[in-house]
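**Student:** In the numbering used here, the protein residues as written are 3 to 253.
The C-beta atom is built at its ideal place from N, Cα and C for all residues, glycine as well.
#1: Please list, in chain order, all residues of the same chain as residue 65 whose beta carbon is under 6 Å from its beta carbon, the five residues on each side excluded.
#2: Please state if the CB of residue 75 and the CB of residue 157 are separated by a distance shorter than 8 Å.
#3: Could you check if residue 58 is buried or exposed, using at least 16 other CB atoms within 10 Å of its CB as the buried criterion?
#4: One question on the structure: do residue 233 and residue 151 come within less than 8 Å of each other, judged by their Cβ atoms?
#5: Anyone know if the C-beta pair for residue 239 and residue 162 falls short of 8 Å?
#6: The alpha helix (DSSP H) that contains residue 314, what's its start and end?
#7: For residue 215, which residues from the same chain have a beta carbon less than 6 Å from its beta carbon, with the 5 sequence-adjacent residues on both sides left out?
#8: Applying the 10 Å Cβ sphere with the 16-neighbour rule, what's the burial state of residue 124?
#9: Answer yes or no: do residue 231 and residue 77 have a C-beta to C-beta separation smaller than 8 Å?
#10: Do the stretch 172-188 and the stretch 80-89 meet, that is, are 3 or more Cβ pairs less than 8 Å apart?
#11: With a cut-off of 8 Å on the beta carbons, I'd call residue 203 and residue 88 a contact; round off their distance for me.
#12: Return the first residue and the last residue of the alpha helix (DSSP H) that residue 157 is part of.
#13: When you compare each of 140, 241, 213 and 22 to residue 122 by their alpha carbons, which one comes out closest?
#14: Using a 10 Å radius around the Cβ and a threshold of 16 neighbouring Cβ atoms, would you call residue 68 buried or exposed?
#15: Where do the N-terminal and C-terminal ends of the alpha helix (DSSP H) with residue 224 fall, by residue?
#16: If you reduce the DSSP assignment to three classes, tell me which class residue 207 lands in.
#17: Got a sec? Which residues, its chain only, sit under 6 Å from residue 91 by beta carbon, not counting five neighbours each side?
#18: For residue 33, is the classification buried or exposed, using 16 other Cβ atoms within 10 angstroms of its Cβ as the cut-off for buried?
#19: Using a Cβ-Cβ cutoff of less than 8 Å, which residues in the same chain neighbour residue 127 once the five nearest sequence positions on both sides are dropped?
#20: Could you tell me which of 41, 70, 243 and 47 sits nearest to residue 267, measuring between CA atoms?
#21: Exposed or buried, what is residue 164 when buried is set at 16 or more other beta-carbons lying within 10 Å of its beta-carbon?
#22: Cβ of residue 195 within 8 Å of Cβ of residue 206?
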């Protein structure tokens, strides 16, 4: 509760959420406009078909929209996590917080849940956007739900990375910049690798976070995605907890 109140009492908190709502709505409207324009163009040419060979709202608008949201989370999540521990370290409040009868895991969990609720506030815009989508088209809601689930899992992992970086940082700016760089490396890194064989290609596909997220947006039928992303999130949080213990002993 304290973390959520601190985030939204600060001027930057509601601003981050508002900008996310504005950017995501703009992206959705842009994709819907492109879908409408493409559909009209095909209809005028007499080539519009129904069924699997036709133009579908999921392929033309919903999936690109979710992929874009996954990409912009790289830039927004560091803004949500940068002050979680870094500000406490800068102001000297972390030592006071850790001197309380609380275990490090409880402190870390409180910070993480606070950031998760802030991310939930950002993603809440998906509800009215889904209603608007239902009013103008008939999407495959199963695929939409899988894509949203993938987006939530991606955000949870990004939050864990942001919290870890914040534990290791001494200022909000440092935490934001380092978290951004780390997330960009996580997202872009596997795609920059050029595998030389079938085994290397399979390994790159296995470690690629965004490849798994892309599969979510297609319907997410691979059962390994959830354990992989969830397990990786827990591993990052475990490293953050260990780092917090080291900060506690270093004083």
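**Tutor:** Reading from the atomic positions:
#1: 219
#2: yes
#3: buried
#4: no
#5: yes
#6: An answer regarding residue 314 cannot be provided, because it is not within the stretch 3 to 253 covered by the chain.
#7: 72, 152 and 156
#8: buried
#9: no
#10: yes
#11: Not quite, the Cβ-Cβ distance comes to about 38 Å (not below 8 Å), so this is no contact.
#12: 143-170
#13: 22
#14: buried
#15: Taken as a continuous stretch (DSSP letters only), residue 224 belongs to no alpha helix (DSSP H), as it is neither H nor E.
#16: helix
#17: 172
#18: buried
#19: 22, 23, 26 and 27
#20: A question about residue 267 goes unanswered here, because the residues of the chain that appear run from 3 up to 253.
#21: buried
#22: yes
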